[in-house]
Amino acid sequence: MKLTTTAVLAALGLASSAVASIGRGVPQDISHIPSLYQRHRDSGEYMRIVHKRGTPTEHLQRRAAPTDEASAAKISDPVAECTAYNLPEVAAIANKFPKPWENATIVSGDSEAQDVWKTIQGSGIIPTSVKPKGTANGDFSAFTPTYDKTDPDCWWTFNGCVKPKHDKLPADTYSCPEPSTWGLTFDDGPNCTHNAFYDFLLEKKQKATLFYIGSNVLDWPLEAQRGLVDGHHLCVHTWSHQYMTALPDEQVFAELYYTAKVIKDVVGVTPTCWRPPFGDVDDRVRGIATGLGLETVIWTDDTDDWQLPPAGTKSKADVDNNYKTIIGKQSASGGNIVLTHEINDATMQEFMGQYANIQAAFKHIVPLTACKNQTKPYPDMDITYPNFADYTSGKIDAKGLPSGTTIKASDADYKPQLAASYTSNGGAQATGGSAAAVTASGSIDKAKGSSSSSSSSTASKSASVAAFGTCSMVASLVIGGACAVASLFV
Ligand SMILES: *[C@@H]1O[C@H](CO)[C@@H](O)[C@H](O)[C@H]1NC(C)=O
Ligand SMILES: *[C@@H]1O[C@H](CO)[C@@H](O)[C@H](O)[C@H]1NC(C)=O
Ligand SMILES: *[C@@H]1O[C@H](CO)[C@@H](O)[C@H](O)[C@H]1NC(C)=O
Ligand SMILES: [Zn+2]
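Heads up: the sequence shown runs through residues -20 to -1, 1 to 470, numbered per mature numbering (1 follows the signal peptide of the UniProt record, and there is no 0).
This is the structure:
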């Protein structure tokens, strides 16, 4: 039986309004979509802001540059916040990474990255039938007319597909299972002017999941450290923010690998989740992400806040209205994951302005760790985040966090871990680390999926998971050598 995505999602119990917003559709008018992000790659004003070696103005030269997270977090003048600084420990590792805002490729001579890439390629997790599409800045106009309308690649950009059509790939996380819950996520940070916004979150006792761009982490390392020190949950948002389904395999790998690695080196944790820029993901890209231990996170609702002026082309009233619609949709059957941005002052101000409205309508506003009961999102650090019950009862702080004076960038040993490895029984139980992350997303599907069509596909997918048996292949990537068992596709 063939079902449309809409029918499948409806069968899974999502409100039809959520269905409408889950897929953005193939962008018809791409002229303004890349323009905001294009600035990341041009040589104009944006590069002067994001590059570390700007020339400090005179009054700032008299002020000491921040040397640790604690001192950076105290700066309140936005011009000072965005004034370049130089940390010796970051300068020492910068040549291990692609250049900020340039296409990521494997850095010449990086044999560790080469080895990880070969292992992932050899694992068979990347479906070979799925080919790159369109262009890196999101022009799919030559590709889409030739694309099979049954969406064999599970291409989110095409119609919002979140359940991979290829074996071995876990479903995306896109909603929170608990009702009246707003899954709080901010993309595109760390932004150099974020102190007022992060102060606001501290004051409101609110944590979020932050999807950091690798280039921003290298350019603004102390700002990235603040995300963890403040108790937020960190995930990957690629190195140079392009349409991943357009890039060749190795570039997709490098975009994800170096972003996870820079978060490990600068902040000290290995992330296990990522969000595709523009939501642009298909099973080929999912395969590479899964190979790196990164769970794919989409959203149910999009505020379109990045289109706020002056950077974007929509009015504040339009974006207020988007928030209003999402706020009005809170549902008794399941929670939303909402797309909001740290990209600039306008988006951060907008959220702060809307926060009271969200609180008034939703019972809970939670980071994805709480949304999914995921207490150990980083396999390499003993940091424990509160589960849903603890978080919503007010115990919002993670345990084991570094402090603003002890956290320090270093040349750390980044070891990616497959999102899930499998045993021959297909996995009935989950163990810790990132395998649990995937299990958590599996259980979201369980909470949502009660239709018969979903249970029959469960059976066939479990069988193919059983056949996969990558445990030994994976062992070299798994920290501590443990071969975890994950229950997928339930
Ligand atoms: C980045 O890589 C893609 C894919 O190889 C290519 O089409 C694009 O032109 C590159 N962009 C830049 C700025 O080099
Ligand atoms: C951060 O926000 C400022 C102010 O809105 C903006 O100028 C800048 O481009 C943003 N980006 C980064 C990486 O800080
Ligand atoms: C979290 O765990 C608790 C206790 O095991 C359970 O009752 C609840 O349904 C779980 N919630 C989510 C969001 O998984
Ligand atoms: Zn983004």
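Where a beta carbon is used, it is the ideal one built from N, C-alpha and C, also for glycine.
All values reported here derive from a predicted model rather than from experimental measurement.
For Phe368, the CB falls within less than 7 Å of some heavy atom of ligand 3. Non-local C-beta neighbours of Pro58 in its own chain, meaning closer than 6 Å and more than five positions away in sequence, comprise Thr173, ordered along the chain.
Contact between Val249 and Val197 fails: their C-beta atoms lie close to 12 Å from each other, not under 8 Å. Around the beta carbon of Pro289, fewer than 16 other beta carbons lie within 10 angstroms, which makes this residue exposed. Here DSSP, grouped into helix, strand and coil, assigns Glu322 to coil. Proximity of the beta carbon of His217 to ligand 4 is indicated: a heavy atom of the ligand is located closer than 7 Å. Counting only residues of its own chain and dropping the five nearest sequence neighbours on each side, Ala116 has a CB closer than 8 Å to the CB of Asn83, Gln222, Tyr223, Ala226 and Leu227.
Here Asp95 is exposed, its C-beta having fewer than 16 other C-beta atoms within 10 Å. Taken in chain order, the complete beta strand (DSSP E) segments of 3 residues or longer contained in the stretch 297 to 365 are 315 to 321 and 344 to 346. Residue state for Tyr371 is assigned as helix, using DSSP reduced to three classes.
Looking from the CA of Ala176, the closest CA among Glu275, Glu61, Lys395 and Trp279 belongs to Glu61.
With contacts defined as CB atoms closer than 8 Å, Ile243 and Leu214 qualify as a contacting pair. Note: Phe166 is bridge-paired with Leu190 and Thr320 in the DSSP secondary-structure output. For Pro157, the shortest C-beta to heavy atom distance toward ligand 3 is below 7 Å.
Per DSSP, the continuous beta strand (DSSP E) segment holding Leu214 begins and ends at His213 to Val216. In the three-state reduction of the DSSP assignment, Thr250 falls in the coil class, being assigned neither a helical nor a strand state. Assignment of Ser91 by DSSP, reduced to helix, strand and coil, places it in the helix class. In this structure Lys185 is exposed. Its beta-carbon is surrounded by fewer than 16 other beta-carbon atoms within 10 angstroms. Between Trp162 and Ile278, the CB-CB gap reaches or exceeds 8 Å. Assignment of Asp179 by DSSP, reduced to helix, strand and coil, places it in the helix class.
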